[in-house]
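Visitor: In terms of our numbering, the numbers along the sequence shown are unbroken and rise by one, the last being 567. Take this structure, written in structure tokens, and hold onto it; I'll ask about it next.
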Amino acid sequence: MFYGKWHCVSQTRTPRVALTSQKTHPCEMCPKTVLIHPQRWHHGVKSYVCSECAKSYSCSSVSITHRVQPGERFYKCRGCGKSFPSMSALCYHRRSHTGERPFECSDCGKCFTARSVLHSHQRVHTGEKPYECNECGKSFLRRNSLNVHIKVHSSERPYKCNECGKSLKCKSAFIKHQRIHTGERPFECRECGKSFLRKNTLNVHIKVHSGERPYKCNECGKSFKFKSTFIKHQRIHTGERPYECNECGKSFISRTDLRYHQRIHTGERPYECSECGKSFVRQNILKVHRKVHSGERPYKCNECGKSLKCKSSLIKHQRIHTGERPYECSECGKSFITSSVLHSHQRVHTGERPYECSECGKTFTTSSVLRDHQRLHTGERPYECSKCGKTFTTSSALHYHHRVHTGERPYECSECGKSFVRRNSLSVHLKSLWVILRTECLCSLKLIC
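Structural data, given as structure tokens:
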């Protein structure tokens with residue numbers, strides 16, 4: 119059989135007339151009726167062979183694109199100067215400048231820049247996961263997700279960073295990682311000009327401007343911008359912690375929390391402060407730390423005027439004023455301002471004290487308390503008062519000390535109006551007050567008798 123194209127053109131004087139006089143032909147193997155239709159598509163015949171590498175293709179246009187040498191680019195974007203090996207690749211790229219998303223999902227109305235991305239998205243609605251792992255049977259929406267997953271079984275990490283020596287499983291993760299060192303932030307928000315390392319981080323940021331929060335928790339009514347954040351939040355209510363550490367058995371709500379925790383065992387602290395050389399497990403902790411040097415405290419509480427270094431600290435602080443304690447212990451019903459404090463509290467019931475001092479063998483419920491304790495052995499007092507030069511083992515001790523200079527006494531007794539620097543000082547005062555009141559009551563009862 120001849121695996122060619124039907125392509126009849128009348129003999130005319132001009133190409134324009136020739137184009138309008140072309141005839142369509144039905145395909146013998148599918149319902150299509152088109153001007154040009156290679157039958158070889160139905161037979162897997164690949165007639166176009168690359169003379170360089172012997173790779174074959176069923177379509178001449180794909181073969182031409184393949185033959186473009188590395189570094190050789192024919193189609194240049196006028197917007198940014200970037201060049202591409204094919205017109206289709208350029209057209210797809212242009213949409214990043216225009217914002218055009220012509221392919222709409224009929225199920226949810228979400229729009230996409232490419233038809234292939236729409237097809238992948240539609241699998242979310244159909245539940246189709248066509249790419250299956252031969253090792254464990256787990257299936258995926260996209261081939262590249264399967265390729266990344268396969269490396270879990272092989273433990274292969276072929277991409278090594280020359281800057282810090284970290285090895286990664288896939289090229290895309292390696293490219294993203296390198297941006298930490300180069301400072302490149304290629305994804306810019308059109309609303310405010312803020313730029314990001316990753317496209318998905320930009321997508322998260324865009325919702326700050328739109329205010330869209332489509333995922334609502336039925337338990338507490340809290341709304342979220344992303345499904346992944348919503349799923350993690352639900353685990354607070356269900357108590358599910360699916361990610362377990364192989365070293366100590368501790369479990370976590372998310373894979374990222376587990377990854378950060380594992381650095382406690384490996385000692386890895388990849389984020390270093392350029393000012394003082396101190397290194398950190400997480401990048402966001404480094405960002406907060408940098409504000410120690412700059413003195414920046416951009417988040418101000420409208421209730422008491424207190425300024426804080428990061429937004430999360432402001433949210434937690436505001437709960438002191440609102441009385442909101444969203445994290446409840448399933449054992450005793452006690453509620454807490456943060457999930458981390460709840461998790462630490464739960465160890466009161468379990469008796470778990472996973473953090474042990476290598477010097478004296480004393481165990482602790484949290485790593486931060488262990489770290490503070492270890493300074494008793496080392497004599498380290500890293501927190502210095504800028505007013506008087508006095509040093510402290512913990513940041514909280516320095517924080518309380520600052521109130522000596524400012525005169526701030528935020529904890530007031532509702533009975534007598536006396537105020538205190540620390541909450542526990544107020545608690546001690548209230549207990550002594552209760553003893554006095556109880557004694558007075560007993561004395562008055564004796565007099566009546």
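Virtual Cβ for every residue (Gly too), placed ideally from N, Cα, C.
(1) Report yes or no: is there a C-beta of chain D within less than 8 Å of the C-beta of residue 493?
(2) Which class does residue 286 belong to by DSSP, given the choice of helix, strand or coil?
(3) What does residue 501 pair with, by DSSP beta-bridge criteria?
(4) Contact between the stretch 432–448 and the stretch 457–476 is defined here as three or more beta-carbon pairs at a separation below 8 Å; is this criterion met?
(5) State the CB to CB distance for the pair residue 529 and residue 543, rounded to an integer number of angstroms; the pair is presumed to be in contact (CB under 8 Å).
(6) What residue range does the alpha helix (DSSP H) around residue 424 cover?
(7) With a cut-off of 8 Å on the beta carbons, I'd call residue 401 and residue 389 a contact; round off their distance for me.
(8) Output yes or no for whether 8 Å exceeds the beta carbon distance between residue 427 and residue 437.
(9) Under three-state DSSP, which class holds residue 278?
(10) List the residues that DSSP assigns as beta-bridge partners of residue 526.
(11) Could you tell me the alpha carbon to alpha carbon distance between residue 280 and residue 531, rounded to whole angstroms?
(12) Residues bridged to residue 391 by DSSP?
(13) Going by DSSP, what residue range makes up the alpha helix (DSSP H) through residue 402?
(14) Would you kindly work out how many angstroms separate the C-alpha atoms of residue 454 and residue 234, rounded to a whole number?
(15) Would you tell me roughly how many angstroms separate the C-alpha atoms of residue 395 and residue 383, rounded to the nearest one?
(16) How many Å lie between residue 550 and residue 354 at the Cα?
(17) Please confirm whether any heavy atom of the ligand FAD lies closer than 7 Å to the CB of residue 304.
(18) Taking residue 431 as the reference, which of 249, 403, 236 and 481 has the closest Cα?
(19) Rounded to the nearest angstrom, how far is the Cβ of residue 251 from that of residue 266, given a contact under 8 Å?
(20) Would you report the Cα separation of residue 418 and residue 243, rounded to the nearest angstrom?
(21) For a quick check, are the C-beta atoms of residue 195 and residue 212 less than 8 Å apart?
(22) Can you tell me which of the three DSSP states residue 209 falls into?
(23) In the structure shown, what three-state DSSP assignment does residue 346 receive?
(24) Starting from the C-beta of residue 150, find all residues in its chain whose C-beta is less than 7 Å away, skip the five residues before and the five after it, and write them out in chain order.
(25) Looking at the secondary structure, which residues open and close the alpha helix (DSSP H) in which residue 487 lies?
(26) Using 8 Å as the threshold, is the C-beta distance between residue 314 and residue 323 below it?
(27) Between which two residues does the alpha helix (DSSP H) carrying residue 376 extend?
(28) What is the rounded straight-line gap between the Cα of residue 208 and the Cα of residue 325?
(29) Run through DSSP, which three-state label would residue 457 get?
(30) With a floor of 4 residues, list each alpha helix (DSSP H) that falls wholly inside the stretch 297–348, ordered by position along the chain.
(31) In this structure, how does DSSP classify residue 468 when only helix, strand and coil are distinguished?
(32) When you compare only the Cα positions, how much space is there between residue 510 and residue 297?
(33) Only counting the same chain, and skipping five residues up and downstream in sequence, which positions put a Cβ closer than 6 Å to that of residue 501?
(34) Using three-state DSSP, classify residue 439 as helix, strand or coil.
(35) Classify residue 292 as helix, strand or coil using the three-state DSSP reduction.
(36) Mark residue 293 as exposed unless 16 or more other C-beta atoms lie within 10 angstroms of its C-beta, in which case mark it buried.
Guide: For this structure:
(1) As a matter of chain content, chain D is missing from the structure shown, which is built from one protein chain.
(2) Three-state DSSP puts residue 286 in a strand.
(3) Answer is 510.
(4) By the Cβ criterion, the stretch 432–448 is in contact with the stretch 457–476, since at least three pairs of Cβ atoms, one from each stretch, lie closer than 8 Å.
(5) The C-beta separation of residue 529 from residue 543 comes to about 7 Å, placing the pair in contact by the 8 Å criterion.
(6) For residue 424, there is no enclosing alpha helix (DSSP H), as DSSP gives it neither H nor E.
(7) Confirmed, Cβ separation roughly 5 Å.
(8) Not in contact: residue 427 and residue 437 (Cβ atoms no closer than 8 Å).
(9) In the three-state reduction of the DSSP assignment, residue 278 falls in the strand class.
(10) When DSSP reads this structure, residue 526 sits in no beta bridge, so it has no partner.
(11) The alpha-carbon atoms of residue 280 and residue 531 are separated by roughly 59 Å.
(12) Secondary-structure assignment with DSSP links residue 391 through no beta bridge to anything.
(13) Unbroken alpha helix (DSSP H) run through residue 402: 401–412.
(14) Rounded to whole angstroms, residue 454 to residue 234 spans 46 Å at the Cα level.
(15) Taken atom to atom, the span from the alpha-carbon of residue 395 to that of residue 383 is near 21 Å.
(16) Residue 550 and residue 354: Cα-Cα distance of roughly 37 Å.
(17) You won't find the ligand FAD in this model; it holds no ligand whatsoever.
(18) That would be 403, whose Cα lies nearest to the Cα of residue 431.
(19) Contact annotation, residue 251 with residue 266: C-beta distance approximately 11 Å; criterion of less than 8 Å not satisfied.
(20) Rounded to the nearest angstrom, the gap between the Cα atoms of residue 418 and residue 243 is 43 Å.
(21) Yes.
(22) Looking at residue 209 - three-state DSSP - the assignment turns out to be helix.
(23) It is helical.
(24) Confidence is the limiting factor: at residue 150 the pLDDT is only 49, short of 50, which leaves the residue's position unreliable and the question unanswerable from this model.
(25) First-last of the alpha helix (DSSP H) with residue 487: 485–496.
(26) Their beta carbons are under 8 Å apart, which means residue 314 touches residue 323 by this criterion.
(27) Secondary structure note for residue 376: its alpha helix (DSSP H) is the uninterrupted segment 373–384.
(28) The straight-line gap from Cα to Cα measures roughly 28 Å.
(29) Correct three-state label for residue 457: helix.
(30) DSSP runs (the alpha helix (DSSP H)) wholly in the stretch 297–348: 317–328.
(31) Residue 468 falls in the helix class under three-state DSSP.
(32) The straight-line gap from Cα to Cα measures roughly 36 Å.
(33) Counting only Cβ-Cβ distances below 6 Å, and skipping sequence neighbours, we find 510, 513 and 516.
(34) DSSP places residue 439 in the helix class (H, G or I) of the three-state scheme.
(35) In the displayed model, residue 292 falls within a helix according to three-state DSSP.
(36) So residue 293 ends up on the exposed side.
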